[in-house]
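Peer 1: Let me give you the structure first, and then I'll get to my questions.
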Amino acid sequence: MITTSLDRTIIMHVDVNSAYLSWSAAQALENGCKIDYRKIAAIVGGNPKTRQGIVLAKSIPAKRYGIKTAETLYSALKKCPQLKIIAPDYQLYMQCSAALKQLLARYSPQLQRFSIDEYFVDFSGIKDCQKDPVGFAHKLKDDIYQQLGFTVNIGISSNKLLAKIAGDFEKPNKVHTLFKSEIATKLWPLPVDKLYMVGRHTLPKLQALGINTVGDLAMVDKNFINTKLKKFGLVLRNLANGKVDNLINDDPDRPVKGIGNSTTIAFDITNRNEAMMVLLSLTEMVSMRLRAKARLAGTVSISIKSADFSKVLHQKQLNQPTDDTSVIYHAVRQLFCEAWQGQPVRLLGVRLSNLTDCSHYQLSLLDYQTSEKRRQLNQTIDALRRRFGQKSIFRATFSHSNFAPIKGNTADIDNFPALKSQL
DNA sequence: TCTGGGGTCCTAGGACCC
DNA sequence: TCTGGGGTCCTAGGACCC
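Quick note: the first sequence, position 320, residue 326 per my numbering, numbers continuous.
Here it is in structure tokens:
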């Protein structure tokens, strides 16, 4: 992000309020639904029958019942029996995210996607914004609502971290600032777990050290926190003082480090063949995503979550980076056989990392012909699936099974065009 | 806990090299 | 070998984010 020395740096963090719920609600209105799900006790959540039953997003009325993100639907329903439950629609969310990006890009080209529902935008070069950042943010916020039908919070500061914390203050549909000069009054009085990176494991550790507010953390002796929490302690202390760490990367175009998919299975898998079916369907998805990004994977890992929730990871380096489904699946099979002790399996995952660019593909002379044929086969399959849908072509082994031939979602909004119509 | 799924980064220990 | 130390790579696990 570039600014001239005359301007002050102005970063805004734009965060969609209860994103999944807002987006599903706006879509429902568009489709003629008479109820705005944002105005009743409603959540977006998975299906308990397939053991994916947790709260992904909640409306403000649902929040008043004490319903929290990531809690089970069972527990949410106990708090509010009339709760409206909406199934997630990831494709819609990708499209909404892309639509927001398009709108923001009209205001400033300097933007960075931080998650599906959050963007950082650098407005330092924009004169109107220099004069009155808060007024500018209000206009932007209202424009998003007018154009796209959902509300956002906007946090304003001179760096991303502070802008993000500001955006989190009071919701929904609000603009907040947190400039350096406001740290002592606005940030330090907050409970320490309001700070970015202080999660449920770190909170009790900090409390045990007598650190309860962000201010306590900001003032704590450097050496003391270093002894107790090592490097992470120093990072947190910096955050509490509003100093940017490399937690929020400065390069918006940074390539992804890994591509992975995992799935919780509707029942516990106890047999190797069934595990292999799931692993193959995940491998299909991750390899397709890898090829879509024109990358090769050097490392393959699998994860197994057992019925008792214990987790095992196992990984291996490939002899040669690849994007071939069959080569990846071969490694996945081997990893599973080495790692699985026969315990009932709840979740399986496949992940590719150590990614390199496709352009310096080292061709092996020995199996050039077979690998070239496989490359063409993979490309043909990808093209068919793009054109006719993911299930248009699949391996025969799935044809009489109850397992989906391809499993997992893509996390890549670039694969989804922004919605053409208004939401 | 009747506990998802996509990511990132850090740490610690072991292998191996000089 | 009852063996030192520094560097790098690999692996497993754990924390955090949304």
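Idealized CB from N, CA, C, for every residue including glycine. Quick caveat: nothing in here was measured; it's all calculated off a predicted structure.
Under 8 Å by Cβ, that's how I've got Met18 and Phe129 pegged, so tell me the actual separation to the nearest angstrom.
Peer 2: Within the first sequence, the letter at position 12 stands for residue 18. Within the first sequence, the letter at position 123 stands for residue 129. Rounded to whole angstroms, the Cβ separation of Met18 and Phe129 is 6 Å, and the two are in contact under 8 Å.
Peer 1: Which residues in the same chain have their Cβ closer than 8 Å to the Cβ of Val292, if we skip the five residues on either side of it in sequence?
Peer 2: Counting from one through the first sequence, the residue named residue 292 turns up at place 286. So the list reads Ile265, Gly266, Asn267, Ile334, Val356, Arg357, Leu358, Gly414, once near-sequence residues are dropped.
Peer 1: Please look up how many angstroms separate the CB atoms of Val338 and Ile308, rounded, as I've assumed it's under 8 Å.
Peer 2: Counted from its first residue, the first sequence places residue 338 at position 332. Counted from its first residue, the first sequence places residue 308 at position 302. Sure, about 6 Å apart at Cβ, within 8 Å.
Peer 1: Do you know offhand how far Gly141's Cα is from Gln326's?
Peer 2: Position 135 of the first sequence, counting from 1, holds the residue named residue 141. Position 320 of the first sequence, counting from 1, holds the residue named residue 326. Cα-Cα distance, rounded: 55 Å.
Peer 1: Where Ala31 and Leu215 are concerned, what is the direct C-alpha to C-alpha distance, given to the nearest angstrom?
Peer 2: Locating residue 31 in the first sequence gives position 25, where the first residue counts as 1. Locating residue 215 in the first sequence gives position 209, where the first residue counts as 1. Taking the straight line from one Cα to the other gives about 44 Å.
Peer 1: Let's see if you can read the secondary structure: which residues bound the alpha helix (DSSP H) around Asn279?
Peer 2: In the first sequence, counting from the first residue as 1, residue 279 sits at position 273. Here the alpha helix (DSSP H) through Asn279 covers 278-298.
Peer 1: According to DSSP, is Ser65 helix, strand or coil?
Peer 2: Within the first sequence, numbered from 1, the residue matching residue 65 stands at position 59. The answer is coil: DSSP assigns Ser65 none of H, G, I, E or B.
Peer 1: With respect to the alpha helix (DSSP H) encompassing Asn232, which residues constitute its N-terminal and C-terminal limits?
Peer 2: Numbered from 1 along the first sequence, position 226 holds the residue referred to as residue 232. Counting along the chain, the alpha helix (DSSP H) containing Asn232 begins and ends at 228-246.
Peer 1: Excluding the 5 residues preceding and the 5 following Tyr151 in the sequence, name in chain order all residues of the same chain whose CB lies nearer than 7 Å to its CB.
Peer 2: Position 145 of the first sequence, counted from the start, is the residue given in the question as residue 151. Here the set comprises Thr157.
Peer 1: Taking the straight line between their C-alpha atoms, what separation do you get for Pro411 and Ile66?
Peer 2: Position 405 of the first sequence, counting from 1, holds the residue named residue 411. Position 60 of the first sequence, counting from 1, holds the residue named residue 66. If you take the alpha carbons of Pro411 and Ile66, they lie about 38 Å apart.
Peer 1: Can at least three beta-carbon pairs, one atom from the stretch 44-61 and one from the stretch 372-389, be found at a separation below 8 Å?
Peer 2: Between the stretch 44-61 and the stretch 372-389 there are fewer than three inter-stretch CB-CB distances shorter than 8 Å, so the stretches are not counted as touching.
Peer 1: Nearest CA to the CA of Glu36: which residue from Gln349, Thr328, Leu98?
Peer 2: Counting from 1 along the first sequence, the entry for residue 36 is found at position 30. When only C-alpha atoms are compared, the closest one is Leu98.
Peer 1: Would you identify the three-state DSSP class for Ala410, choosing helix, strand or coil?
Peer 2: Along the first sequence, one-based indexing puts residue 410 at 404. In the structure shown, Ala410 sits in coil (DSSP, three-state: anything other than H, G, I, E or B).
Peer 1: Count the other CB atoms within 10 Å of the CB of Cys1; is the residue buried (16 or more) or exposed (fewer)?
Peer 2: Since the displayed the chain opens at 7 and closes at 429, residue 1 lies outside it and no answer follows.
Peer 1: Measuring CB to CB, does Asp21 end up less than 7 Å from Gly248?
Peer 2: Taking the first residue of the first sequence as 1, we reach residue 21 at position 15. Taking the first residue of the first sequence as 1, we reach residue 248 at position 242. Cβ atoms of Asp21 and Gly248: not closer than 7 Å.
Peer 1: Across which residues does DSSP place Asp138 in a beta bridge pair?
Peer 2: One-based indexing of the first sequence puts residue 138 at position 132. Looking at the DSSP assignment, Asp138 forms no beta bridge with any residue, so it has no partner.
Peer 1: Is it right to say Phe273 is buried, meaning 16 or more other beta carbons lie within 10 angstroms of its own, or is it exposed?
Peer 2: Position 267 of the first sequence, counting from 1, holds the residue named residue 273. It is exposed - the Cβ of Phe273 has fewer than 16 other Cβ atoms within 10 Å.
Peer 1: Would you tell me roughly how many angstroms separate the C-alpha atoms of Gly221 and Pro195, rounded to the nearest one?
Peer 2: For this step, residue 221 is matched to residue 215 along the first sequence. For this step, residue 195 is matched to residue 189 along the first sequence. Distance between the alpha carbons of Gly221 and Pro195: 6 Å.
Peer 1: Using the three-state DSSP reduction, which class does Gln428 fall into: helix, strand or coil?
Peer 2: Sequence index remark: in the first sequence, residue 428 carries index 422 (1-based). Note that Gln428 has pLDDT 49, beneath the 50 cutoff, so the model's placement of it is unreliable and the number below is only indicative. If DSSP states are grouped into helix, strand and coil, Gln428 belongs with coil.
Peer 1: Is it buried or exposed, Glu344, if we count other Cβ atoms within 10 angstroms and call 16 or more buried?
Peer 2: Mapped onto the first sequence, residue 344 falls at position 338. By the neighbour-count rule (16 or more Cβ atoms within 10 Å), Glu344 is not buried but exposed.
Peer 1: Out of Asp314, Met282, Leu354, point me to the one whose CA is closest to Ser332's CA.
Peer 2: Taking the first sequence and counting its residues from 1, one reaches residue 332 at position 326. Across the set Asp314, Met282, Leu354, the C-alpha of Met282 shows the shortest separation from the C-alpha of Ser332.
Peer 1: Pull up the DSSP beta-bridge partners for Met18, would you.
Peer 2: On the first sequence, position 12 is the one that residue 18 refers to. Answer by DSSP bridge pairing, in chain order: Val127, Ile162.
Peer 1: By Cβ distance, which residues of its chain are closer than 8 Å to Pro423, with the 5 residues on each side in sequence left out?
Peer 2: Working through the first sequence from its first residue, we reach residue 423 at position 417. Gln101, Ala104, listed in sequence order.
Peer 1: What are the start and end residues of the alpha helix (DSSP H) that includes Asn384?
Peer 2: If you number the first sequence from 1, residue 384 lands on position 378. Asn384: member of the alpha helix (DSSP H) spanning 374-394, first to last residue.
Peer 1: At the level of alpha carbons, what is the spacing between Lys74 and Ala82?
Peer 2: Indexing the first sequence from 1 puts residue 74 at position 68. Indexing the first sequence from 1 puts residue 82 at position 76. Distance between the alpha carbons of Lys74 and Ala82: 8 Å.
Peer 1: What separation, rounded to the nearest whole angstrom, lies between the Cα atoms of Gly304 and Asn279?
Peer 2: Position 298 of the first sequence, counted from the start, is the residue given in the question as residue 304. Position 273 of the first sequence, counted from the start, is the residue given in the question as residue 279. Approximately 26 Å, taken between the alpha carbons.
Peer 1: Helix, strand or coil for Gly221, going by three-state DSSP, please let me know.
Peer 2: On the first sequence, residue 221 is found 215 positions in, with the first residue counted as 1. Three-state DSSP puts Gly221 in a helix.
Peer 1: Thr183 and Arg295: beta carbons closer than 7 Å?
Peer 2: If you number the first sequence from 1, residue 183 lands on position 177. If you number the first sequence from 1, residue 295 lands on position 289. Not a contact, by the Cβ cut-off of 7 Å.
Peer 1: Suppose the cutoff is 8 Å on Cβ atoms and the five residues either side in sequence are ignored; what does the same chain contact list for Tyr125 look like?
Peer 2: The residue labelled residue 125 in the question sits at position 119 within the first sequence. Cβ within range, chain order: His19, Val20, Leu106, Lys107, Leu110, Leu117, Gln118, Arg119.
Peer 1: Using DSSP's beta-bridge definition, name the partner residues of Thr305.
Peer 2: Here residue 305 is taken as the residue at index 299 of the first sequence, counted from 1. Gln323, Ser359, per the DSSP bridge assignment.
Peer 1: Do you know offhand how far Gln213's Cα is from Ala190's?
Peer 2: The residue given as residue 213 occupies position 207 in the first sequence. The residue given as residue 190 occupies position 184 in the first sequence. Answer to the nearest angstrom: the Cα atoms are 20 Å apart.
Peer 1: Determine the extent of the alpha helix (DSSP H) in which Gln101 is found, giving its start and end residues.
Peer 2: By 1-based counting over the first sequence, the position of residue 101 is 95. First-last of the alpha helix (DSSP H) with Gln101: 96-113.
Peer 1: When you compare only the Cα positions, how much space is there between Lys145 and Pro178?
Peer 2: By one-based count along the first sequence, residue 145 stands at place 139. By one-based count along the first sequence, residue 178 stands at place 172. In a straight line, the C-alpha of Lys145 is about 15 Å away from that of Pro178.
Peer 1: How would you label Ile41, buried or exposed, when you count the other beta carbons within 10 angstroms and need 16 or more for buried?
Peer 2: Within the first sequence, residue 41 is the residue found at index 35, counting from 1. Exposed.
Peer 1: Near Val127, what residues of its chain come up, given a Cβ to Cβ distance below 6 Å and the 5 sequence neighbours on each side ignored?
Peer 2: Translated into positions along the first sequence, residue 127 becomes position 121. Closer than 6 Å at Cβ, skipping near neighbours: Met18, Leu110, Ser114, Leu117.
Peer 1: For Ser312, I'd like the list of residues in its chain whose CB is within less than 7 Å of its CB, leaving aside the five on either flank, ordered along the chain.
Peer 2: Start at 1 with the first residue of the first sequence, and residue 312 comes out as number 306. Result list for Ser312: Gln349, Pro350, Val351, Arg352, in chain order.
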